[in-house]
Amino acid sequence: HTPLGDTQAGPLFPGGIYETVFSAPVGAKLSLATMFGQSNDLFLAPTGDGIPLYDMAGNQLTGDVTGQVLLWDAGTEANQEPGLGADQAPRQASPNTGAADANANVRQANDDFGNLPPVSDYLKVTLASAGPTSFRLRIENVGTYMTLATSDGNSHPAPLSPGVWVVHTAADPLFTAGSADRGEGLEHLAEDGDISALSAALGMRTGLTSPIAPGVYAVHDAPSVLFTAGSFDAGLGLEDLAEDGNPAALAGALGSDARVSEAGAFTTPNGASGPAPAFPGESYTFTVMAEPGDRLSLATMLVQSNDLFFAPSETGLDLFPGGTPLSGDVSGMFILWDAGTEVNEEPGVGFNQAPRQSGPNTGTDEGGRVRPVNDGYVYPDVPQVIKVTIQPVG
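The sequence shown begins at 3 in my numbering and counts up one residue at a time.
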């Protein structure tokens, strides 16, 4: 949003540069959009498929990608001659002025007035590697102050507005060619260079989305049956659960623990035909027998991580607080823990995380202690990922 060397957000004039660094997993694409400033509602963006970031072998694709960026018409305002229209951002009395477009569909821009310069005359978009799963995006205005010639005999620059970008795997994150604008803010960007609404809409749909893995549970009357906070993993299977979503070893160890009256693994999402991770909207259910004085511990892996898992504190959940059976939503009692067994990579992109690793138990050993995660990366709040409810049944 802010040109390099400037102190506040603003348009990109000839010689100006926008730059940002982002992370993306293998298979992801990049889409971006910025307004062609001397227009009513034209914007620059790739097709709905986006710009590929990796080749089929998982190698980063870098270099000049300007050829994958096209000039589009948002279909939200009637076009006037680029560089002269009274309802265009540099000359309009206020935002969102101008007549409606007779064709309301987003489509590639037509050169109706014969003066639209080729995209490469004023725009250069490059990608460079900034790490194994990180990229540096650079957007340059390579035009001059005479790039756009108008019918009155004058020439003008072709400024670019602040824009938006998004990393995605599904198609059409910003618009669908041949369909009307979705009303999420593309109109404001394309007509006025205002990215606030579209940026907010994208923010609602992006971020870390992760399944949870099959996990373990235990009913017990003493603390620390799964782990001890601040201590090394006991080697009973927590590492397998936290790194690879495999609960078998830990469930077996809990079953032979004298402090545990009941233990097992939850492995099959409700309605599924076999063991699998639970994706957004899915759930696991299990039933236990307990009596006053018993506590419940359970653990499930945050799949888009190296060795993180959700669990309550090491003491577990008191199943009979004040002598009354625990009931309702207990998600607020859960913590995102770091098992300390593998060095963390950025969530959702690390090559040694379960969805992308070459096999189980890959990644650099950390030799750390079990503790609440605090690695400098950004994670969603626990209740945004899991909801845990307890219902007495008898």
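Ideal placement from N, C-alpha and C gives every residue a C-beta, glycine not left out.
No experiment lies behind these values; they were computed from the predicted model shown.
Ends of the beta strand (DSSP E) at residue 32?
31 to 37
Starting from the C-beta of residue 370, find all residues in its chain whose C-beta is less than 6 Å away, skip the five residues before and the five after it, and write them out in chain order.
342
Does residue 218 come out as helix, strand or coil in the three-state DSSP assignment?
Strand at residue 218.
Specify, as a first and last residue, the run of the alpha helix (DSSP H) that residue 207 falls within.
198 to 207
State the beta-bridge partners of residue 130 as determined by DSSP.
Looking at the DSSP output, residue 130 shares a beta bridge with 138.
Quick check: residue 390 and residue 135, are their CB atoms within less than 7 Å of each other?
no
What does the Cβ neighbour count give for residue 183, buried or exposed, with the cut at 16 atoms within 10 Å?
buried
Extract the residue ranges of the alpha helix (DSSP H) inside the region 219 to 267, only unbroken runs of 4 or more that lie entirely within it.
240 to 246, 250 to 257
Tell me, which residues are paired with residue 158 by DSSP?
150
Leaving out the 5 sequence neighbours to the left and right, which residues in its chain are closer than 8 Å to residue 157 when beta-carbon positions are compared?
147, 148, 149, 150, 151
Across which residues does DSSP place residue 44 in a beta bridge pair?
75
Would residue 305 and residue 172 qualify as a contact pair, given that the criterion is a beta-carbon distance under 7 Å?
no
When the Cα atoms are used, what is the spatial distance from residue 307 to residue 348?
Between residue 307 and residue 348, the C-alpha separation is close to 8 Å.
Which of the three DSSP states, helix, strand or coil, is assigned to residue 291?
Coil.
Enumerate in chain order the residues of its own chain whose CB-to-CB distance from residue 209 is below 8 Å, with the five nearest sequence positions on each side excluded.
382
Residue range of the alpha helix (DSSP H) that residue 14 falls in?
It is not in any alpha helix (DSSP H) - residue 14 carries neither H nor E in the DSSP assignment.
Check residue 349 in the structure and name its three-state DSSP category.
Residue 349: coil per DSSP, three-state reduction.
Using the beta-carbon count (16 or more within 10 Å), is residue 9 buried or exposed?
Exposed, because fewer than 16 other Cβ atoms sit within 10 Å of the Cβ of residue 9.
Going by C-alpha to C-alpha distance, which of 32, 83, 109 sits closest to residue 73?
109
Report yes or no: do the region 267 to 275 and the region 193 to 209 share at least 3 C-beta pairs separated by less than 8 Å?
No, because fewer than three Cβ pairs between the region 267 to 275 and the region 193 to 209 fall closer than 8 Å, the two stretches do not touch.
In terms of alpha-carbon separation, which member of 295, 291, 270 lies closest to residue 284?
270
On the CB-based measure, 16 or more other CB atoms within 10 Å of its CB, does residue 120 come out buried or exposed?
exposed
Any chance the region 53 to 66 sits against the region 78 to 91, with 3 or more Cβ pairs inside 8 Å?
no
Indicate the three-state DSSP secondary structure (helix, strand or coil) for residue 163 in the structure shown.
coil
Between the region 319 to 330 and the region 292 to 305, can you find at least three pairs of beta-carbon atoms closer than 8 Å?
yes
Can you give the Cα-Cα distance for residue 11 and residue 33, rounded to whole angstroms?
If you draw a straight line from the Cα of residue 11 to the Cα of residue 33, it is about 20 Å long.
Within its chain, find whatever has a CB closer than 6 Å to the CB of residue 263; leave out the 5 residues flanking it on each side and keep chain order.
Take residue 263, set aside five residues on each side of it, and the residues of its chain with a beta-carbon closer than 6 Å to its own are 221, in chain order.
Around the Cβ of residue 30, are there at least 16 other Cβ atoms within 10 angstroms (buried) or fewer (exposed)?
buried
When you compare the CB positions of residue 243 and residue 252, do they come within less than 7 Å of one another, or not?
yes
Hey, how far is the Cα of residue 316 from the Cα of residue 326?
21 Å
Where does the unbroken beta strand (DSSP E) through residue 176 begin, and where does it stop?
Segment: none, residue 176 is in no beta strand (DSSP E) and carries neither H nor E.
For the beta strand (DSSP E) holding residue 194, just list the boundary residues, first then last.
No beta strand (DSSP E) contains residue 194, which is instead part of the alpha helix (DSSP H) from 188 to 194.
Which residue comes first and which comes last in the beta strand (DSSP E) that contains residue 300?
297 to 303
Are the Cβ atoms of residue 194 and residue 97 separated by less than 7 Å?
yes
Buried or exposed: where does residue 297 fall if 16 or more other Cβ atoms within 10 Å of its Cβ makes it buried?
buried
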